[in-house]
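For what it's worth, this note's numbering labels the leading residue of the sequence shown as 28, then goes sequentially.
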Amino acid sequence: MVQVPKEAQEIYTKQRIISLATVDAEGKPNTSYVAFWWFEDDETIVLIDNFMKKTRANLEATGWAALSGYDMDIHRAFQIKGKATIETEGPRVERGKMMAAQFEKERGMKMPAKAAIAVKVTEVYYLQPGPDAGKAVA
Ligand SMILES: Cc1cc2nc3c(=O)[nH]c(=O)nc-3n(C[C@H](O)[C@H](O)[C@H](O)COP(=O)(O)O)c2cc1C
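Structure, rendered in structure tokens:
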């Protein structure tokens, strides 16, 4: 399995709202945003499905996910690609529900935390402009 470098993990964590690209069985792309997510370990990102529609259908159809992150202060950016598995119960979903409860307390908006999407990292690329753009990190 491929490991996400600590630098990339820090950038995604600082950005917090990350972009999620998926693809359907015909190759049609889709992008959305994710605020409820965490690095479970160096090889796994967990996303929480609150409102996913095309995203969820695409993840069920192909399993492919790509997530990008950018730090404008240091001008570094990464893309992570991976294969997703979907869980509708278990400790990851429970953690999503805890995040939802905290969000409701702070922001007054209810989030359903319907499922947890565990993305196993398969590739990591540099995305910032310059000589490393598009190169594989891992
Ligand atoms: C700032 C922001 C954060 C979001 N975070 C999440 C999230 O953590 N989980 C989720 O399911 N949807 C989240 N959404 C909603 C998705 O971007 C999107 O509306 C949803 O997946 C439905 O679009 P789709 O049909 O492309 O899947 C967020 C949207 C925004 C603007």
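The beta carbon of each residue, even a glycine, is placed where N, CA and C say it ideally should be.
In this structure, Val73 sits near Arg119, with a CB-CB distance shorter than 9 Å. Across the structure, Arg83 and Thr115 are spaced so that their CA atoms are roughly 12 Å apart.
For Thr89, the closest alpha carbon among the candidates Arg103, Ile113 and Asp68 is that of Ile113.
Restricted to the region 103-136, the alpha helix (DSSP H) segments that are unbroken, complete and at least 4 residues in length are 118-134, listed in chain order. Contact annotation: Val151 and Ala35 have beta-carbon atoms nearer than 9 Å.
Setting aside the 5 residues that flank it on each side, Lys124 is surrounded in the same chain by Ala140, each with a C-beta closer than 8 Å to its C-beta; the list follows chain order. Between the alpha carbons of Met138 and Tyr60 lies a distance of about 15 Å. Annotation for Ala127: Met138 and Ala140 place their beta carbon closer than 6 Å to its own, counting only its chain and skipping 5 residues before and after.
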